[in-house]
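Report on one structure; see the data block that follows.
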Amino acid sequence: MSISKTWLLCGRTSALVEAEVHAEIGERQLHDWSAAWRPAHVAAIERLRRTTPGNSSHVLEEHPADWKSKAASIEGWLAKTSFSLMCQDMTQGMMIVDSASRRARLPSQHNKESIYIDYIEAAPWNRRVPGNPQRRFQGVGRTLLGQAILLSKDEGFEGRIGLHSVPGAERFYESCGMTRLGHDPKTLNLCYFEMTAQQANQFISE
Amino acid sequence: MSKRTMTLNLTDAEMKAVEDLCNRKDLSKTAVIRQALRLYQTVELRLERGDKFYFENESTHDKAEVMMLS
């Protein structure tokens, strides 16, 4: 299992804090998800309901990903790779990607191999949502996207990545330089985003 | 992750197919074979889970099941 060093920005002090990207979602990460993420998610939903009643853009937040099931379902599956981001002895983000089942859709790279991000999630305390004024760490999503790009390059896909975004994250992916291709009726009408090789190089160089 | 090397014995037609895919996909031979293995395993895993394998024509939406004999 490979580990690479990276940095996150501490929300409280604005200092850079050392972090690690692990090429796995293992027992440690699933324990953190169960013992820390889930209770924090419940608390965040309750805060959201109090502060922004009827906010439909967060409706999918009410149904958090079951990472234990997802990790179990991809065991031994060559096309699936998982990543976790660890900082200060806690799992701060997780991601599962697919390297074989999807092709790029943008006309300039139509049908070319691409890394597709099946699932990507920052720990509840790291998300920019109403009722969570100070994120514990910033940069979790960008770091994981960067890993997907690096994997894409390693595989010979030149950095191409794609994903379907939950409604609350669309602006984030746009801010990362991804191209919005519109809502996809075949995937819960979620908005599909894609990154070209050039966009990927731009993202990594920033 | 450690990697291991193996020798593949392919016919001329199979080798040509690999080379054609490399050119079309702009991938190395290793990348093409790895993708083929991933797709093969993906199909097998999903069939084992009870999924069916279809091709769908994007224009006509006609579906044709890929019959995998067990």
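As they're listed, the protein sequences go chains V and L.
The working numbering puts the first residue of the first sequence at 195, with every later residue one more than the last.
The working numbering puts the first residue of the second sequence at -16, with every later residue one more than the last.
Glycine included, each C-beta is placed from N, C-alpha and C at the ideal position.
- Between S196 of chain V and S42 of chain L, the alpha-carbon positions lie close to 43 Å from each other.
- Close CB contacts of S278 of chain V within its chain, under the 6 Å cut and outside five residues either way in sequence, are with H216, I219, Q223, T285, M288 (chain order).
- Around the beta carbon of H358 of chain V, 16 or more other beta carbons lie within 10 angstroms, which makes this residue buried.
- Between M280 of chain V and A213 of chain V, the gap from beta carbon to beta carbon is short of 9 Å.
- Contact between F351 of chain V and S308 of chain V holds: CB atoms are separated by about 6 Å, below the 8 Å threshold.
- The region -4 to 9 of chain L makes no contact with the region 325 to 345 of chain V; the number of CB pairs closer than 8 Å stays below 3.
- The way I'd put it, the region 290 to 300 of chain V doesn't touch the region 230 to 237 of chain V; fewer than three beta-carbon pairs between them come closer than 8 Å.
- Within chain L, no C-beta atom comes nearer than 8 Å to that of A266 of chain V; the closest sits roughly 13 Å away.
- The beta carbon of C370 of chain V sits closer than 7 Å to the beta carbons of R336, L339, F397 from its chain, once the five residues preceding and following it are set aside; these are given in chain order.
- Chain L places no beta carbon closer than 9 Å to that of L344 of chain V, leaving this residue out of the contacts.
- The Cβ neighbour count for P318 of chain V, taken over all protein chains shown within 10 Å, is at least 16; the residue is labelled buried.
- Shown here for A316 of chain V: same chain residues with a beta carbon closer than 6 Å to its own, the five before and five after excluded, namely G287, V334, G335 in chain order.
- If one requires a minimum length of 4 residues, the alpha helix (DSSP H) runs lying completely within the region -16 to 9 of chain L are -5 to 8, in chain order.
- The closest CA to that of S208 of chain V, considering only V:R330, V:K347, V:G353, is found on V:R330.
- In its chain, beyond the 5 residues on either side, F36 have a beta carbon closer than 7 Å to the beta carbon of V26 of chain L.
- Spatial neighbours of H304 of chain V in its own chain (CB-CB distance under 8 Å, excluding positions within 5 residues in sequence) are listed in chain order as R297, A298.
- In the DSSP assignment, C204 of chain V forms a beta bridge with V:F331.
- Taking all protein chains in view, the Cβ of R321 of chain V is crowded by 16 or more other Cβ atoms within 10 Å, so the residue is classified as buried.
- Q392 of chain V carries a helical assignment under DSSP once its states are collapsed to helix, strand and coil.
- S198 of chain V carries a strand assignment under DSSP once its states are collapsed to helix, strand and coil.
- The beta-carbon distance between K306 of chain V and R354 of chain V, rounded to whole angstroms, is 6 Å. This is short enough to meet the 8 Å contact definition.
- Around the beta carbon of F38 of chain L, fewer than 16 other beta carbons sit within 10 angstroms, so the residue counts as exposed.
- Residue pairing by DSSP places Y37 of chain L opposite L:E48 in a beta bridge.
- One finds nothing in chain V with a Cβ atom closer than 7 Å to the Cβ of K12 of chain L; even the nearest lies about 11 Å away.
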